[in-house]
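Q: These protein sequence lines map, in sequence, to chains A and B. Heads up, the first sequence is in the working numbering, so the first residue is 3 and it goes up one at a time. Heads up, the second sequence is in the working numbering, so the first residue is 37 and it goes up one at a time. Every residue, glycine too, gets a C-beta built ideally from N, C-alpha and C. Please read these numbers as outputs of a predicted model, since none were measured by experiment. Structure in structure tokens, see below.
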Amino acid sequence: NAGVMQNPRHLVRRRGQEARLRCSPMKGHSHVYWYRQLPEEGLKFMVYLQKENIIDESGMPKERFSAEFPKEGPSILRIQQVVRGDSAAYFCASSPIHGQDTGELFFGEGSRLTVL
Amino acid sequence: GQQLNQSPQSMFIQEGEDVSMNCTSSSIFNTWLWYKQEPGEGPVLLIALYKAGELTSNGRLTAQFGITRKDSFLNISASIPSDVGIYFCAGPSSNTGKLIFGQGTTLQVKP
Chain A
3 NAGVMQNPRH LVRRRGQEAR LRCSPMKGHS HVYWYRQLPE EGLKFMVYLQ
53 KENIIDESGM PKERFSAEFP KEGPSILRIQ QVVRGDSAAY FCASSPIHGQ
103 DTGELFFGEG SRLTVL
Chain B
37 GQQLNQSPQS MFIQEGEDVS MNCTSSSIFN TWLWYKQEPG EGPVLLIALY
87 KAGELTSNGR LTAQFGITRK DSFLNISASI PSDVGIYFCA GPSSNTGKLI
137 FGQGTTLQVK P
């Protein structure tokens, strides 16, 4: 499967625990984007990363959320001390160039976080 | 900030019917995109529009980039059950380049 790979597909956490969501972009893509989707809503931009750099994190909550895209390995979205309001589907997308200029982003199947 | 408003919010139609949905904004977008999201999946790009007035087709789907650059519509002809899903319009923000999504139009097709 050469598409964007996200794991886990489903994650259940209790309040106060940490959630780690992983994303492997499509082969040859060096730009990664994370979006959050609440039930019955559209996708909200969180962060845009290139290898080892955060380019735009204007959509990330100031506390508890962090993202990285290391030189080797997948991009990781980390949520510390989760709260019920963090329950959502988190989508990763990738592009070979700055795809947000053209809109041609390739999305993964999402990671669905449920906080009990 | 820039927002995209989609209408209708949801549609429930009979198989074979044509469908029309639209997306509007109070600000100008230089690119309009239509994505489809099926249940449990990520969004998939259907059509991309890059020029005002552009009319583009992809099979039974047709989309137009409004002349004012503040709106776009998507038409689906002769709907089939696999057209079910949420259709999102999207466009890159003019000041940050972030891709902004509308709230979606949910389509249900009755066989």
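(1) Check the Cβ of Glu-111 (chain A) against every Cβ in chain B and list those closer than 8 Å, keeping chain order.
(2) Just to make sure I have the definition right: I need the residues of chain B whose C-beta is within less than 9 Å of the C-beta of Glu-106 (chain A). Which are they?
(3) Quick one: what's Asp-88 (chain A) bridged to in DSSP?
(4) How big is the Cα-Cα spacing for Tyr-37 (chain A) and Arg-114 (chain A)?
(5) Using the three-state DSSP reduction, which class does Pro-63 (chain A) fall into: helix, strand or coil?
(6) So, helix, strand or coil for Asp-58 (chain A), using DSSP?
(7) Would you kindly work out how many angstroms separate the C-alpha atoms of Leu-118 (chain A) and Arg-16 (chain A), rounded to a whole number?
(8) Please list the partners that Gly-140 (chain B) has in chain A, where partner means a Cβ-to-Cβ separation under 7 Å.
(9) Please state the DSSP three-state secondary structure of Glu-53 (chain B).
(10) Quick one: does the C-beta of Glu-43 (chain A) sit closer than 8 Å to a heavy atom of the ligand SAM?
(11) For Phe-67 (chain A), which residues in chain B fall below 9 Å Cβ to Cβ?
(12) So, under 8 Å CB-CB, Phe-108 (chain A) and Gly-30 (chain A) are touching, yes? Tell me the CB distance rounded to an integer number of Å.
(13) Which partner residues does Gln-30 (chain B) have in the DSSP bridge list?
(14) Is Asn-3 (chain A) helix, strand or coil by DSSP?
(15) Could one say the Cβ of Asn-3 (chain A) lies closer than 9 Å to chain B's Cβ atoms, at least one of them?
A: Answer, in terms of the structure:
(1) Indexing the first sequence from 1 puts residue 111 (chain A) at position 109. Correct list: Gly-76, Glu-77, Gly-78.
(2) Within the first sequence, numbered from 1, the residue matching residue 106 (chain A) stands at position 104. Leu-69, Leu-81, Ala-84, listed in chain order.
(3) Counted from its first residue, the first sequence places residue 88 (chain A) at position 86. The partner list for Asp-88 (chain A) (beta bridge, DSSP) is empty, contrary to what the question assumes.
(4) As a working note, residue 37 (chain A) is residue 35 in the first sequence. As a working note, residue 114 (chain A) is residue 112 in the first sequence. Looking at the two C-alpha atoms, the distance is approximately 12 Å.
(5) Here residue 63 (chain A) refers to the residue found at position 61 when the first sequence is read from its first residue. Here Pro-63 (chain A) sits in coil by DSSP.
(6) Along the first sequence, read from residue 1 onward, the residue named residue 58 (chain A) stands at position 56. Three-state DSSP puts Asp-58 (chain A) in a strand.
(7) Counted from its first residue, the first sequence places residue 118 (chain A) at position 116. Counted from its first residue, the first sequence places residue 16 (chain A) at position 14. Between the alpha carbons of Leu-118 (chain A) and Arg-16 (chain A) lies a gap of roughly 5 Å.
(8) Taking the second sequence and counting its residues from 1, the one referred to as residue 140 (chain B) is at position 104. What Gly-140 (chain B) touches in chain A: Gly-44.
(9) In the second sequence, residue 53 (chain B) corresponds to position 17, counting from 1. In the structure shown, Glu-53 (chain B) sits in coil (DSSP, three-state: anything other than H, G, I, E or B).
(10) Although the ligand SAM was asked about, the structure shown includes no ligands whatsoever.
(11) As a first step, residue 67 (chain A) is located in the first sequence; it is residue number 65 there, counting from the start. What Phe-67 (chain A) touches in chain B: nothing, since even the nearest Cβ is about 16 Å away.
(12) For this step, residue 108 (chain A) is matched to residue 106 along the first sequence. For this step, residue 30 (chain A) is matched to residue 28 along the first sequence. About 11 Å separates the two Cβ atoms, so there is no contact after all.
(13) Because chain B in this structure spans residues 37 to 147, residue 30 (chain B) falls outside the shown range and cannot be described.
(14) Here the question's residue 3 (chain A) lines up with position 1 in the first sequence. Because Asn-3 (chain A) sits at a pLDDT of 49, beneath the cut-off of 50, its placement in the model cannot be relied upon, and the point is left open.
(15) Within the first sequence, the letter at position 1 stands for residue 3 (chain A). Note that Asn-3 (chain A) scores 49 on pLDDT, short of 50, meaning its location in the model is unreliable; the coordinates nonetheless yield the value given after this. Taking Cβ atoms only, chain B never reaches closer than 9 Å to Asn-3 (chain A), which makes this a no.
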